[in-house]
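Report on one structure; see the data block that follows.
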Amino acid sequence: MKQLGNSGVKVSDQILGCWVMGGTYWGGADDKDSLEAIIKAYEGGINSFDTAYVYGRGRSERIVGEAAKSMPREEITVITKLWKTDMEKDRVIPACEDSLRRLDMDYIDVYFIHYPSDTGVPIGETMEQMMKLKESGKIRCIGLSNFNLEQMKEAVQYGEVDVIQPCYSLVWREIDRDGVLDYCIENNIGVISYSTLAQGILTGKFDENTTFPSDDGRSRAPLFQDGYYKGALKVAEQLKPFAEKYDKTIAQVAINWTMHKEGITAPIVGARNARQVEENLKASGWKLSEEDWQKIDEFSKEYAYKLPKFRNFFDATIVE
Numbered sequence: 664m665k666q667l668g669n670s671g672v673k674v675s676d677q678i679l680g681c682w683v684m685g686g687t688y689w690g691g692a693d694d695k696d697s698l699e700a701i702i703k704a705y706e707g708g709i710n711s712f713d714t715a716y717v718y719g720r721g722r723s724e725r726i727v728g729e730a731a732k733s734m735p736r737e738e739i740t741v742i743t744k745l746w747k748t749d750m751e752k753d754r755v756i757p758a759c760e761d762s763l764r765r766l767d768m769d770y771i772d773v774y775f776i777h778y779p780s781d782t783g784v785p786i787g788e789t790m791e792q793m794m795k796l797k798e799s800g801k802i803r804c805i806g807l808s809n810f811n812l813e814q815m816k817e818a819v820q821y822g823e824v825d826v827i828q829p830c831y832s833l834v835w836r837e838i839d840r841d842g843v844l845d846y847c848i849e850n851n852i853g854v855i856s857y858s859t860l861a862q863g864i865l866t867g868k869f870d871e872n873t874t875f876p877s878d879d880g881r882s883r884a885p886l887f888q889d890g891y892y893k894g895a896l897k898v899a900e901q902l903k904p905f906a907e908k909y910d911k912t913i914a915q916v917a918i919n920w921t922m923h924k925e926g927i928t929a930p931i932v933g934a935r936n937a938r939q940v941e942e943n944l945k946a947s948g949w950k951l952s953e954e955d956w957q958k959i960d961e962f963s964k965e966y967a968y969k970l971p972k973f974r975n976f977f978d979a980t981i982v983e
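Below, the structure written as structure tokens:
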């Protein structure tokens, strides 16, 4: 278990990502499979679950809440998020209360601002309400998701930020390049990173001919576009010798590497069903040698550090 900053809130060494359980972006989901995945994760030692209102307009939150009824509340860490449309002063607290109702809980362990406002709502306005939620006991931690360094520095002027949630993997290392990770290390801010397997690229199950339907967000994501996809697949291919050496899958090696990256408190790893959870659990309980970790780090950088600056992990628009 690792602590998020100075908050006292702890998370398991990997966190179950519950986005797919909302049934949007990833091409559908089965509620029974989702419930079984959460239960399997808990039984396997994962006590932390990441959801959000926008994951199926509350569907994922409701599923997490339903599964959590079979678990002692004090033993689990529930993470959810405030969506961009609810950042105004009069919407923050009601939005959190709506999430609490869907989760059927009295408090949320970690409440993230999901994205910076794209409609001009001052971050101070939102943070003021987040602090009220924390002071009232409705949330235990305040988090920022998808904020850049400048935006983070502005937010901390208005309240304590305990944790951030950036995208991070062997093929997407923006926080290494823009100073965000160093800032978090220096200021004891927790980091729980998402898209650890780069939306499946680092499973080793895709090739250049793999395509996705229009209702699958990967059809629009930067790393799946011409000019970037082939290089990302090469990184996955380079993990094969390490997978063989440790008797693990490519995905398990990629997860384990991220778990032991300095500054990363814990990676979020999604799963559609209990079988996928079982596979992800095998990424825990062992460690790459320092030499092997460094080798992977180096060939990962050769790809990830040469990427242009995209708007974000889901939008292929180049902004610099």
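The sequence shown begins at 664 in this note's numbering and counts up one residue at a time.
Note that the Cβ used here is the ideal one computed from N, Cα and C, for glycine as well.
In this text the structure is predicted, and so the values were computed from the model without any measurement.
| Check | Outcome |
| --- | --- |
| Anticipated Cβ contact below 8 Å, VAL854 with VAL826, distance rounded | 7 Å |
| PHE887 (DSSP reduced to helix, strand or coil) | helix |
| Proximity winner among GLY822, TRP682, PHE810, relative to GLY842 (alpha-carbon distances) | PHE810 |
| Exposure label - ILE848; buried when at least 16 CB within 10 Å | exposed |
| Beta strand (DSSP E) segment containing LYS744, residue limits | 740-745 |
| Alpha-carbon spacing of GLY721 relative to LEU763, whole angstroms | 11 Å |
| C-beta contact flag for GLY680 and TYR857 at 9 Å | yes |
| The region 772-782 in contact with the region 791-809 per 3-pair CB rule at 8 Å | yes |
| Backbone CA spacing between LYS795 and VAL755 [nearest angstrom] | 10 Å |
| First through last residue of the alpha helix (DSSP H) which encompasses ILE852 | Per DSSP, ILE852 belongs to no alpha helix (DSSP H) and is neither H nor E. |
| Cβ-Cβ distance between LYS747 and SER780 below 9 Å | yes |
| Supposed close pair LEU632, ILE913 - CB separation, criterion 8 Å | It is not possible to answer for residue 632, since the shown part of the chain is limited to 664 through 983. |
| First and last residue of the uninterrupted beta strand (DSSP E) at VAL773 | 771-776 |
| Contacts around ALA730, its chain only, beta-carbon distance under 7 Å, and the 5 residues preceding and following it disregarded | LEU698, ILE701, ILE702 |
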